[in-house]
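Number of protein chains: 2
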Amino acid sequence: MSHSKHNHSEKLNLVLSHLPEDSLLCDLGDLFKVFGDTTRMRILFALFQSELCVCAIAEVLHMEQSAISHQLRILREAKLVSSRREGKTNIYFLADDHVRAIIEMGYEHLTEKA
Amino acid sequence: MSHSKHNHSEKLNLVLSHLPEDSLLCDLGDLFKVFGDTTRMRILFALFQSELCVCAIAEVLHMEQSAISHQLRILREAKLVSSRREGKTNIYFLADDHVRAIIEMGYEHLTEKA
DNA sequence: CTATCATATGAATATAAGTTCATATGAATG
DNA sequence: CATTCATATGAACTTATATTCATATGATAG
């Protein structure tokens with residue numbers, strides 16, 4: 000039992016009733032979690048410039064192929080990037096423009112608050 | 000040494016040269032990390048409805064005051080929420096409209112991809 | 001069909017992050 | 001000024017996450 004001396008139940012029930020379902024809140028959290036990592040952010044910015052194969056991303060970021068591959072899987076599952084095969088290589092590219100839009104919003108917030 | 004049989008150095012140098020500084024990429028990642036948690040997402044949605052004191056948030060979310068307080072600190076440090084004191088209580092509210100905008104973008108991405 | 005390059009994946013490890021518990025701070029009230 | 005309510009904070013614990021290493025898959029060329 001928390002501090003229930005207060006009785007704000009009418010208001011709180013209203014707030015509660017307008018909360019989205021937990022599944023949506025969870026999905027939203029999971030989506031932003033994907034943006035919440037420097038390596039993935041660097042991959043996305045690299046792909047802003049050009050579509051790239053896995054080993055190219057690894058070279059650009061000076062990281063191991065395996066680490067990149069693991070992160071690309073997370074980005075793919077979140078539908079932030081897609082890939083196509085070309086011979087032996089897998090070319091990755093941004094899935095759509097939401098990625099840019101979301102990151103730009105974040106950038107605006109950062110620069111305004113700095 | 001990774002798979003350097005490829006020589007895409009011209010292109011890769013170009014991509015590399017257009018990457019933002021690591022400090023920015025890190026700040027962006029850190030910002031989105033704040034959105035990347037269900038509890039914080041629930042707090043933000045609660046605050047979409049109304050400014051609320053800590054114990055009200057705890058009640059609405061059926062969580063302990065301490066857990067909420069810890070998460071509010073993270074939201075405060077990211078400048079996503081602000082607070083003011085009112086007597087014994089601390090009232091929290093959204094710091095600005097970037098919060099809504101960013102979450103709406105995420106929501107759009109989710110619904111389009113579903 | 002074997003060797004090689006490109007990528008993916010599983011297990012292991014290390015680090016980060018969220019919640020709880022206990023307690024400290026800070027304001028109001030009698 | 002002692003008590004109570006509201007919030008904050010530090011430490012401990014637990015769970016999640018990122019990277020590495022070793023290896024598997026998959027495609028191509030010889």
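Taken in order, these protein sequences are the chains called A and B. Per numbering that gives the first Met the number 0, the first sequence runs over residues 0 to 113. Per numbering that gives the first Met the number 0, the second sequence runs over residues 0 to 113. For glycine and all other residues, C-beta sits at the position ideal for the given N, C-alpha and C. These numbers come from a predicted model, not from an experiment.
Leu93 of chain B: first and last residue of the uninterrupted alpha helix (DSSP H) it sits in: For the purposes of this step, residue 93 of chain B is taken as residue 94 along the second sequence, with counting starting at 1. Where Leu93 of chain B is concerned, there is no enclosing alpha helix (DSSP H), although the beta strand (DSSP E) it sits in stretches over Thr88 to Leu93.
List the endpoints of the continuous beta strand (DSSP E) containing Glu85 of chain A. Here the question's residue 85 of chain A lines up with position 86 in the first sequence. Unbroken beta strand (DSSP E) run through Glu85 of chain A: Val80 to Glu85.
Please confirm whether Lys112 of chain A and Lys112 of chain B have their CB atoms less than 8 Å apart. Working through the first sequence from its first residue, we reach residue 112 of chain A at position 113. Working through the second sequence from its first residue, we reach residue 112 of chain B at position 113. By the CB criterion at 8 Å, Lys112 of chain A and Lys112 of chain B fall outside the cutoff.
Residues of chain A with CB under 8 Å from Glu107 of chain B, in chain order? Locating residue 107 of chain B in the second sequence gives position 108, where the first residue counts as 1. Taking the beta carbon of Glu107 of chain B as reference, the chain A residues within 8 Å of it are His97, listed in sequence order.
Is it buried or exposed for Phe34 of chain A, if we count other Cβ within 10 angstroms and need 16 for buried? Residue mapping note: residue 34 of chain A aligns to position 35 of the first sequence, counting from 1. Phe34 of chain A comes out buried.
Determine, using beta carbons only, whether Thr37 of chain B and Cys25 of chain A come nearer to each other than 8 Å. Working through the second sequence from its first residue, we reach residue 37 of chain B at position 38. Working through the first sequence from its first residue, we reach residue 25 of chain A at position 26. Yes, Cβ-Cβ distance for Thr37 of chain B and Cys25 of chain A is below 8 Å.
CB Leu23 of chain A to CB Ile42 of chain A, shorter than 8 Å? Mapped onto the first sequence, residue 23 of chain A falls at position 24. Mapped onto the first sequence, residue 42 of chain A falls at position 43. It is not a contact, given that the beta carbons lie outside the stated cut-off.
Leaving out the 5 sequence neighbours to the left and right, which residues in its chain are closer than 8 Å to Gln64 of chain A when beta-carbon positions are compared? Residue 64 of chain A sits at position 65 when you count from the first residue of the first sequence. Taken in chain order, the residues that qualify are Val53, Cys54 and Ala57.
Range of the contiguous alpha helix (DSSP H) that encloses Leu23 of chain A: As a first step, residue 23 of chain A must be located in the first sequence, where it is residue number 24. Note, Leu23 of chain A: alpha helix (DSSP H), Asp21 to Phe34.
The segment 71 to 82 of chain B: positions lying closer than 7 Å to chain A by Cβ: Within the segment 71 to 82 of chain B, the residues whose Cβ lies closer than 7 Å to any Cβ of chain A are, in chain order, Lys78.
Go through the segment 40 to 64 of chain B residue by residue and report every complete run of the alpha helix (DSSP H) that reaches 4 residues or more, in order. As far as the segment 40 to 64 of chain B is concerned, its whole alpha helix (DSSP H) runs of at least 4 residues are 53 to 60.
With 16 other Cβ atoms within 10 Å as the buried cut-off, status of Ser3 of chain A: Within the first sequence, residue 3 of chain A is the residue found at index 4, counting from 1. Confidence at Ser3 of chain A is low in this model, with a pLDDT of 42, below 50, so its placement is unreliable and the value that follows should be read with caution. The Cβ neighbour count for Ser3 of chain A, taken over all protein chains shown within 10 Å, is under 16; the residue is labelled exposed.
How big is the Cα-Cα spacing for Thr110 of chain A and Thr88 of chain B? Position 111 of the first sequence, counting from 1, holds the residue named residue 110 of chain A. Position 89 of the second sequence, counting from 1, holds the residue named residue 88 of chain B. Taking the CA atoms as reference points, Thr110 of chain A sits about 31 Å from Thr88 of chain B.
Cutoff 8 Å: Leu27 of chain B Cβ touching any chain A Cβ: Locating residue 27 of chain B in the second sequence gives position 28, counting from the first residue. Yes, contact with chain A.
Glu50 of chain B beta carbon less than 8 Å from that of Ile102 of chain B: Within the second sequence, the letter at position 103 stands for residue 102 of chain B. Within the second sequence, the letter at position 51 stands for residue 50 of chain B. Not a contact, by the Cβ cut-off of 8 Å.
Euclidean distance between Cα positions of Gly193 of chain A and Glu9 of chain B: Nothing can be reported for residue 193 of chain A, as the shown portion of chain A is limited to 0 through 113.
Given Asp29 of chain B, which residues of its chain have a CB within under 8 Å of its CB, disregarding the five upstream and five downstream residues? Residue numbering aside, residue 29 of chain B sits at position 30 when the second sequence is read from its first letter. The residues are Ala77.
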